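Sequence lines, in order, name chains B and X.
Residue 383, in our numbering, is where the first sequence stops; the numbers in between run on with no holes.
Residue 1339, in our numbering, is where the second sequence stops; the numbers in between run on with no holes.
Comments concern the structure below.
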Amino acid sequence: MTPSDRDATGLLTRRDQYVQLITPTGERRHDPEYDPWVADVDADALARLYRDMAIVRRLDAEATALQRQGELGLWPPLAGQEAAQIGSARALRDDDFVFSSYREHAVAWCRGVGPAELLTVWRGSAASGWNPFEYAMAVPQIIIGAQALHATGYAMGLTWEESDAAAISYFGDGATSEGDVNEAFVFASSFDAPVVFFCQNNQWAISEPVDLQSKQHLARRADGFGMPGIRVDGNDVLAVLAATRIALDRARRGKGPTLIEAVTYRMGPHTTADDPKRYRTDDELADWRTRDPLARVLGLLGAMGTDADALEAEVAEESRAAAAELRAAVTTIPDPEPMSVFDHVYAEPNTHLARQRDHYARYLAMFEEADAAAASGAEGGAR
Amino acid sequence: MTTLTLGKALNEAMRRALAGDEKVVLMGEDIGTLGGVFRVTDGLKAEFGPNRVVDTPLSEAGIVGTAVGLAYRGFRPVVEIQFDGFIYPAFDQLIAQVAKLHYRSRGNVRMPLTIRVPFGGGIGAAEHHSESPEAYFAHTAGLRVVACSNPADAYVMLQQAIASDDPVLFFEPKRRYHVKGEVDLDASLADAKPMGLATFIAKGDDVTLVTYGGLVQTARDAAIAAAEDGISIEVIDLRSLAPIDYESVAASVRRTGRLVVAHEAGQQGGLGGELIAGITERCFEYLEAAPVRVTGHDIPYPPAKLERHHLPDLDRILDGVDRVLGRPNSLSGVEAGAR
């Protein structure tokens, strides 16, 4: 029995209950409500979205390989979620602020985060890899759903400053069961905060299927909080782009938050430490493989007159170069200095920590002195 | 100098902070239109508007979590948790986010939040309204924890907490809200004593008695009572619970040789043990007797009619003083002599 057919109402099995502009086989499905929001996306623009998705897929695979080779401690792969992340991130302005979870590598890539910056935290070299204010994107959040409140508070601040920027919070289907996410919905709705709640429903929270989190489509949760909920094919980059643009437009016009449920699938493990074979079937994976986010775009581009084979080859070459750059970058990440363990705990001087730091510095210095003594002893022995 | 209650002194501190920095915002349940259940924020919404003094939904995690987002945006949120026992829903945001974001972001994101918490018992309240949860926060790296005990300190320390670029848990002794004292409303913050330093409340030579928050007045009364018996107690208001001003306490203990720590919170894993350990490390050779803790019992906060059997009061503090002095006329002094 698969998780979806366990649901007696059948709601969760009706996959067609979402906005879709490109079918899995690459046909353009017209939608009078959503089409105007992507009217500017011509073949060139669509090719750029394809390029984004192909490169991040390759980078993600490379990072997984780097973990297997011991260069990274852990990696949470995004494979399968390329359209959801690229379509939403490409809808953002530079001055919108992203509060993500830990799997939004494609979003980070769109924001301009560099390869070494992306890998730093997963290598364990530092607590984070980039300055959030440089890319208007917070560093990865591991506590499930906590960032939904941060995005909401940030958005409340935007309202008070009369800014027309917005905040977007990324989280997964599992996070919708967290109090923080529901409390964020309440605050955002009550204060008309310009925030987009972008839920990537990738069907699995580690081993738990989405119907353990919700007996109805997650987008329908929005109703109860007094905000619109959009259910979109998360493997359709065009539909995701349209939905996110609609939500951002609402936010900028002071209409408050929107919940987007992007229906997608985590093709890989939860992280490199996970073994999905223990909880899901090959058939399920094969089924989702037929709904691949990239293949459908190539199909549509071909129908639009683009030389899809040439594009695919060109982007594959570019992806290989990006992967090589990522691989090269990982070894450039400096190992942290031992005493940096005390850095940035506080913004202001702290007497207690200063004392502890001083004690540890003197402790470490004993080893250096011992090493120096041993070295001079060895020299003496050689004479 | 102006005579103000502790609650009003806090109110004036927030008024001054709101007027002085447009990024300061107050957030909490019932703090706006009502002025707070203790009226500590009375009149501030009318004066500064609903975007500066924000009545929030009933969601402590929501209040603290949105304050984190506001801090990202450059705001300086001052959050009120309505009662000590209501802070736990916000625990994750405080421990996993507020405390760690500066570290996690390698110093790029500052969390200049002030979390105001009315704390402690002695007001005959219902369950969850009389707790002393300060040790949880003192245990957490990245947070500063302070407690005020009188109107003058309340006025200055709250402004210092708001001005701090680190997150501050600001504990307010709710049973002292209505007690009056002299406050210099025009005092310069630059000249004020840093909130990280302890204050000597009474000078003495025989015993160092350290406490904070609602028990400071009790300790002062105990010192007066003990003086009638010829015992000279030095009373220290710790004020900062993280970090602890060990140097001030150690300076006193080096003179008296005896240390009593009192707090309403339970003993196990509490600040009394931490303080005693820190002092023992610093001046073991000066100690004439094992330091003594006078604390709440390690029980859930009891019903109102039992709280006098839980809270340290003047007599229990004096009993602790007797024990540290090894005085045989004290019941527990016999125990002290026996060990």
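Quick reminder that beta carbons are idealized off the backbone N, C-alpha and C, glycines included.
Quantities reported herein were computed from a predicted structural model and do not represent experimental measurements.
Output, in chain order, the set of chain X residues within a Cβ distance shorter than 8 Å of residue i.
i: residue 348 (chain B); result: 1164, 1165, 1166
i: residue 183 (chain B); result: 1057, 1059, 1061, 1062, 1065
i: residue 384 (chain B); result: Here chain B comprises residues numbered 1 to 383, so residue 384 (chain B) is not present and cannot be evaluated.
i: residue 143 (chain B); result: 1092, 1096, 1097
Could you tell me which residues DSSP puts in a beta bridge with residue i?
i: residue 137 (chain B); result: B:98
i: residue 1027 (chain X); result: X:1054, X:1079
i: residue 1004 (chain X); result: X:1181
i: residue 404 (chain B); result: In the structure displayed, chain B extends from 1 to 383; residue 404 (chain B) sits before or after that span and is not available.
i: residue 1240 (chain X); result: X:1146
i: residue 233 (chain B); result: B:263
i: residue 1202 (chain X); result: X:1235
Given residue i, which residues of its chain have a CB within under 8 Å of its CB, disregarding the five upstream and five downstream residues?
i: residue 1103 (chain X); result: 1141, 1142
i: residue 1276 (chain X); result: 1259, 1261, 1291, 1293
i: residue 96 (chain B); result: 136, 165, 166, 167, 168, 248
i: residue 1002 (chain X); result: 1182, 1183, 1184, 1185
i: residue 363 (chain B); result: none
i: residue 172 (chain B); result: 101, 103, 144, 199, 200, 201, 202, 205
i: residue 213 (chain B); result: 173, 174, 176, 177, 205
Which residues in the same chain as residue i place their Cβ atom closer than 6 Å to its Cβ, once the five residues preceding and following it in sequence are excluded?
i: residue 268 (chain B); result: 77, 79
i: residue 1053 (chain X); result: 1026, 1032, 1044, 1045
i: residue 1335 (chain X); result: Low per-residue confidence applies at residue 1335 (chain X): pLDDT is 48, beneath 50, and the placement is therefore not dependable, though the value from the model is reported in the following sentence. For residue 1335 (chain X), where only same-chain residues beyond five positions count, there are no Cβ hits under 6 Å.
i: residue 387 (chain B); result: The requested residue 387 (chain B) is not part of the displayed model; chain B covers only 1 to 383.
i: residue 204 (chain B); result: 266
i: residue 99 (chain B); result: 138, 147, 150, 151, 169
I want to verify the contact list: residues of chain B whose CB lies under 9 Å from the CB of residue i, in sequence order.
i: residue 1109 (chain X); result: 131, 132, 133, 138, 139
i: residue 1159 (chain X); result: In chain order: nothing, as chain B lies at least about 15 Å away.
i: residue 1136 (chain X); result: Near residue 1136 (chain X) there are no residues of chain B at all, since even the closest Cβ is about 17 Å away, more than 9 Å.
At a CB-CB cut-off below 8 Å, which residues of chain B make contact with residue i?
i: residue 1093 (chain X); result: 146, 149, 180
i: residue 1196 (chain X); result: 351
Interface residues of chain X around residue i at Cβ under 9 Å?
i: residue 187 (chain B); result: 1056, 1057, 1059, 1062, 1063, 1065, 1066
i: residue 122 (chain B); result: In chain order: nothing, as chain X lies at least about 14 Å away.
Please compile the residues from chain X whose C-beta is within a distance smaller than 7 Å of the C-beta of residue i.
i: residue 316 (chain B); result: Near residue 316 (chain B) there are no residues of chain X at all, since even the closest Cβ is about 36 Å away, more than 7 Å.
i: residue 190 (chain B); result: 1057
i: residue 152 (chain B); result: 1066, 1069
i: residue 160 (chain B); result: 1051
By alpha-carbon positions, which one of the options ends up nearest to residue i?
i: residue 1370 (chain X); options: X:1163, X:1043, X:1299, X:1237; result: This structure does not reach residue 1370 (chain X), given that chain X is present from 1001 up to 1339, and the question cannot be answered.
i: residue 255 (chain B); options: B:37, B:165, B:122, B:105; result: B:165
i: residue 337 (chain B); options: B:68, B:125, B:93, B:35; result: B:125
i: residue 1307 (chain X); options: X:1124, X:1051, X:1089, X:1033; result: X:1124
i: residue 1022 (chain X); options: B:368, B:145, B:226, B:157; result: B:157
i: residue 1200 (chain X); options: X:1091, X:1030, X:1321, X:1250; result: X:1250
i: residue 1207 (chain X); options: X:1214, X:1224, X:1193; result: X:1224
i: residue 54 (chain B); options: B:245, B:293, B:91; result: B:293
i: residue 1101 (chain X); options: B:73, B:70, B:347; result: B:347
i: residue 151 (chain B); options: B:123, B:140, B:197, B:190; result: B:197
i: residue 47 (chain B); options: B:258, B:101, B:230, B:313; result: B:313
i: residue 1164 (chain X); options: X:1097, X:1144, X:1154; result: X:1144
i: residue 38 (chain B); options: B:63, B:88, B:153; result: B:88
i: residue 252 (chain B); options: B:26, B:276, B:159; result: B:159
i: residue 1305 (chain X); options: X:1106, X:1160, X:1127; result: X:1127
i: residue 333 (chain B); options: B:142, B:115, B:264; result: B:115
Going along chain B, which residues have a C-beta under 7 Å from residue i?
i: residue 1105 (chain X); result: 128, 132, 139
i: residue 1075 (chain X); result: 157
i: residue 1299 (chain X); result: The premise fails here: residue 1299 (chain X) is roughly 28 Å from chain B at the closest Cβ pair, so nothing lies under 7 Å.
i: residue 1243 (chain X); result: 350, 351, 352
i: residue 1344 (chain X); result: Missing from the structure shown is residue 1344 (chain X); chain X here goes from 1001 to 1339 and no further.
For residue i, which residues from the same chain have a beta carbon less than 7 Å from its beta carbon, with the 5 sequence-adjacent residues on both sides left out?
i: residue 1 (chain B); result: Below a pLDDT of 50, predicted positions are generally treated as unreliable, and residue 1 (chain B), at 31, falls in that range; no measurement from the model is reported.
i: residue 1118 (chain X); result: 1038, 1083, 1084, 1172, 1174
i: residue 1087 (chain X); result: 1060, 1081, 1117, 1133
i: residue 1270 (chain X); result: 1135, 1263, 1295
- Indicate whether the contact test is met: 3 or more Cβ pairs, each with one atom in the region 1112-1120 of chain X and one in the region 1064-1080 of chain X, closer than 8 Å. Taking 8 Å as the limit for Cβ pairs, the verdict is that the region 1064-1080 of chain X does touch the region 1112-1120 of chain X.
- Query: Does the region 1178-1194 of chain X come close enough to the region 1130-1140 of chain X that 3 or more CB-CB pairs lie under 8 Å?
  - Reply: Counting C-beta pairs with one atom in each stretch, the region 1130-1140 of chain X and the region 1178-1194 of chain X have fewer than three that are closer than 8 Å, which means they do not touch.
- Item | the region 1314-1329 of chain X / the region 1143-1155 of chain X touching (three or more Cβ pairs under 8 Å) | Put simply, the region 1314-1329 of chain X does not touch the region 1143-1155 of chain X. Fewer than three CB pairs are less than 8 Å apart.
- Item | Three-pair Cβ contact test at 8 Å for the region 314-326 of chain B versus the region 42-58 of chain B | Segments in contact, yes.
- Message: Using a Cβ distance threshold of 8 Å, determine whether the region 80-99 of chain B contacts the region 227-237 of chain B, with at least three qualifying pairs required.
- Response: Inter-segment contact for the region 80-99 of chain B and the region 227-237 of chain B is present: three or more beta-carbon pairs are separated by less than 8 Å.
- Message: Any contact between the region 129-139 of chain B and the region 99-114 of chain B? By contact I mean 3 or more CB pairs, one from each, below 8 Å.
- Response: Because the criterion of three Cβ pairs below 8 Å is met, the region 129-139 of chain B and the region 99-114 of chain B touch.
- Query: Within the chosen definition, does the region 1015-1024 of chain X reach the region 1059-1067 of chain X through at least 3 CB pairs nearer than 8 Å?
  - Reply: With a cut-off of 8 Å, the region 1059-1067 of chain X and the region 1015-1024 of chain X do not count as touching, because too few Cβ pairs lie within range.
- Message: With three or more C-beta pairs closer than 8 Å as the rule, is the region 115-124 of chain B touching the region 1024-1040 of chain X?
- Response: Segment contact: the region 1024-1040 of chain X against the region 115-124 of chain B, fewer than three CB-CB distances shorter than 8 Å; contact not assigned.
- Query: Quick one: any contact between the region 30-37 of chain B and the region 301-311 of chain B, if contact means 3 or more CB pairs under 8 Å?
  - Reply: Here the region 30-37 of chain B makes no contact with the region 301-311 of chain B; the two share fewer than three CB pairs at distances below 8 Å.
- Query: Any chance the region 1235-1254 of chain X sits against the region 1213-1224 of chain X, with 3 or more Cβ pairs inside 8 Å?
  - Reply: Three or more beta-carbon pairs drawn from the region 1235-1254 of chain X and the region 1213-1224 of chain X are found closer than 8 Å, and the two stretches are therefore classed as touching.
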